[in-house]
Amino acid sequence: MIKVSPGETPFRISLWSIWIFYTLAILLLLGGLFTDREIGSMIPGPDDMEEVYAALWLTSWTSAWVLALSLLLGLPTAYMLATRQFRGKVLVESIIDVPMALPPVVCGVAVLFALSPTSPLGAFVTARGIPVLFHPIGIILVQTFIAAPYLVRHAREAFASVPNRYLQAARVAGASEGRVFFRVCIPLCLRQIGAGALTAWARAIGEFGATLLIVGAMPFKTQTMAISLYVNGFMAAKKDVMFFMAFLFVILSIAVMALLKLLTSNSRSAHEQEA
């Protein structure tokens with residue numbers, strides 16, 4: 005039997021209260037999906053399943069692009085923020101972190117203004133005929149804007165935890181900054197980067213408000229899983245599609261969180277062994 009010191013009691017009460025609250029919320033959600041309905045009735049009919057498959061496919065390939073862009077732009081950015089000191093660094097870090105604090109709809113408004121024909125970026129895109137609004141490209145851009153900061157934060161903390169002696173030894177041995185980045189930092193921080201990538205990807209597939217504002221909710225074209233859940237559940241009254249999408253989101257979220265905890269716990273153990 006585990007002995008509990010009197011000083012630990014408030015902490016244990018807090019831990020178990022939060023755990024019970026979230027466990028009940030998830031179980032009640034899953035229970036609500038099956039209440040008074042057979043499992044088979046949760047599965048949409050053939051016509052609706054085409055729309056479901058389209059939403060799943062759109063969400064899959066756009067979120068893959070979001071993840072790729074987040075890695076391509078986020079890892080070098082995180083490396084610079086973790087290993088360099090420069091004027092205005094605090095401001096740069098704050099601006100990159102802003103999308104994590106803003107409501108998603110506000111992020112959508114910011115991207116909408118950035119892509120307007122009167123802005124430099126919007127003028128560049130318009131002049132070259134690149135479709136963004138009400139197009140899957142808009143999904144990728146707005147979700148990258150929202151998801152990339154999560155990867156940057158994880159990677160920045162990971163790169164900052166690499167002992168400086170490793171970096172200096174590589175530089176003294178003649179390694180270029182690129183080799184230090186790819187051959188030293190990336191291998192040492194692979195699990196933390198994986199956790200950041202998983203967090204960014206999960207944020208992308210669950211994004212709703214900003215995506216709806218930029219691309220609308222056109223079936224088979226811009227309707228992601230999150231948008232499809234809302235449209236079918238609250239506008240088209242297709243409850244079977246809504247329940248099916250909700251079930252997929254719950255299962256996917258549990259799997260993502262379990263994998264995320266596995267990655268972070270393993271990386272923490274590795275750092276403790278190095279120490």
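In the numbering used here, the protein residues as written are 5 to 279.
Think of the CB as a built atom: it goes at the ideal place given N, C-alpha and C, for glycine as much as any other residue.
Treat the numbers as computed from the prediction; the structure is a model and nothing was measured.
Residue i to residue j, Cα distance in whole Å?
i           : j           : result
residue 142 : residue 215 : 8 Å
residue 211 : residue 176 : 45 Å
residue 170 : residue 262 : 31 Å
residue 78  : residue 152 : 6 Å
residue 113 : residue 134 : 19 Å
residue 85  : residue 249 : 38 Å
residue 199 : residue 172 : 26 Å
residue 6   : residue 208 : Confidence at residue 6 is low in this model, with a pLDDT of 49, below 50, so the placement of that residue should be treated as unreliable; the coordinate-derived value is given next. In a straight line, the C-alpha of residue 6 is about 42 Å away from that of residue 208.
residue 154 : residue 203 : 7 Å
residue 1   : residue 14  : Lying outside 5 to 279, the shown extent of the chain, residue 1 is not represented and no answer is given.
residue 233 : residue 106 : 23 Å
With DSSP collapsed to three states, give me the class of residue i.
i           : result
residue 110 : helix
residue 4   : Because the chain is modelled from 5 through 279, residue 4 falls outside the range shown and cannot be assessed.
residue 13  : helix
residue 268 : helix
residue 167 : coil
residue 211 : coil
residue 243 : helix
residue 251 : helix
residue 291 : Here the chain comprises residues numbered 5 to 279, so residue 291 is not present and cannot be evaluated.
residue 189 : helix
residue 27  : helix
residue 232 : helix
Taking only beta-carbon atoms, is residue i less than 8 Å away from chain B?
i           : result
residue 152 : The structure shown contains no chain B; it holds only a single protein chain.
Go through its chain and collect everything with a Cβ distance to residue i's Cβ below 7 Å, but skip five positions before and after it.
i           : result
residue 125 : 118, 119
residue 83  : 163, 185, 189
residue 129 : 119, 136
Enumerate in chain order the residues of its own chain whose CB-to-CB distance from residue i is below 6 Å, with the five nearest sequence positions on each side excluded.
i           : result
residue 237 : 246
residue 227 : 59, 221
Problem set entry | Secondary structure, alpha helix (DSSP H): runs of 4+ residues fully inside the segment 51–81 | If we require 4 residues or more, the segment 51–81 turns out to have no alpha helix (DSSP H) run fully inside it.
Problem set entry | Uninterrupted alpha helix (DSSP H) stretches inside the segment 98–149 (no shorter than 4 residues) | Counting whole runs of 4 or more residues, the segment 98–149 contains the alpha helix (DSSP H) stretches 108–118, 124–131.
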